[in-house]
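Participant:
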Amino acid sequence: MPAHAKGAITDGEVRSIMARINATGHVSRADRAALLTRPEVAAQIVDPSSGVLKQEPAGASPAGQPRLVAPAYATRSSSADRYIQYSSITGATVLDYHFTIYWTYNGSTVTAQPQRGHYLRTSAPGIYDRGFTNNTAYANLPGPYAYTVTMQATWEQCIIKWGCVASGNPFTQFGVYFDGTYHIVQRQ
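In numbering that gives the first Met the number 0, the protein residues as written are 0 to 187.
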């Protein structure tokens, strides 16, 4: 068993803290301070409540809600890739959970149900994508959106030595307007 710096928590205490984080989805101040006595451990652990929403700057929509413009191409297709970024206990970015959407439109209406997907990028150990818990797309006639696309997924972090220590349920909902622009709602 490796020696730890004086005042550092034991492996047993690390496991207890990890169990608490897994149960509550939150890292208390006391637990954060304790984990930081073991920076080699704290750098590996995702803080499940650290999610930061990433999206393009928004303009104003007719309803006063943010409206985003996806790049338009000659084929009249658009796409969006929005993500939620999570940090470790030490504050380093360790997980980006992406939601993607692709649609076609003719200038006045969306011409087909949007295609959707997801992926993750991570530098932390033991991150597993557990897939979608919600993945729907439906026509929203008469409006305000041509289509509403809702995706919610689950990720989990399990490290052999410490157990399952964190999980998250990122949520994204796109409202694709008839003219090809969109509105987005995200939660970590």
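Note that CB positions come from ideal geometry on N, CA and C, so glycine has one too. All of these numbers come straight from a predicted model, not from anything done at the bench.
1. So, are the CB atoms of residue 170 and residue 150 less than 9 Å apart?
2. Would you call the CB atoms of residue 31 and residue 8 closer than 9 Å?
3. Looking at residue 79: is its Cβ nearer than 9 Å to the Cβ of residue 183?
4. Rounded to whole angstroms, what is the Cα-Cα separation between residue 147 and residue 96?
5. Given that a residue counts as buried once 16 or more other Cβ atoms are within 10 Å of its Cβ, and exposed if not, what is residue 141?
6. Am I right that residue 85 and residue 45 are in contact with their C-beta atoms under 8 Å? What's the rounded C-beta distance?
7. The beta strand (DSSP E) that contains residue 86, what's its start and end?
Facilitator: So, to answer that:
1. Here residue 170 is taken as the residue at index 171 of the sequence shown, counted from 1. Here residue 150 is taken as the residue at index 151 of the sequence shown, counted from 1. Cβ distance < 9 Å, so residue 170 and residue 150 count as in contact.
2. Within the sequence shown, numbered from 1, the residue matching residue 31 stands at position 32. Within the sequence shown, numbered from 1, the residue matching residue 8 stands at position 9. For residue 31 and residue 8, no; Cβs fall outside 9 Å.
3. Locating residue 79 in the sequence shown gives position 80, counting from the first residue. Locating residue 183 in the sequence shown gives position 184, counting from the first residue. It is a contact, given that the beta carbons lie within the stated cut-off.
4. Indexing the sequence shown from 1 puts residue 147 at position 148. Indexing the sequence shown from 1 puts residue 96 at position 97. Using only the alpha carbons, I get a separation of about 20 Å.
5. Taking the first residue of the sequence shown as position 1, residue 141 is located at position 142. The residue in question, residue 141, is exposed, as its Cβ has fewer than 16 Cβ neighbours within 10 Å.
6. Here residue 85 is taken as the residue at index 86 of the sequence shown, counted from 1. Here residue 45 is taken as the residue at index 46 of the sequence shown, counted from 1. Rounded, the Cβ-Cβ distance is 5 Å, consistent with contact.
7. Taking the first residue of the sequence shown as position 1, residue 86 is located at position 87. From DSSP, the beta strand (DSSP E) with residue 86 extends over 76 to 86.
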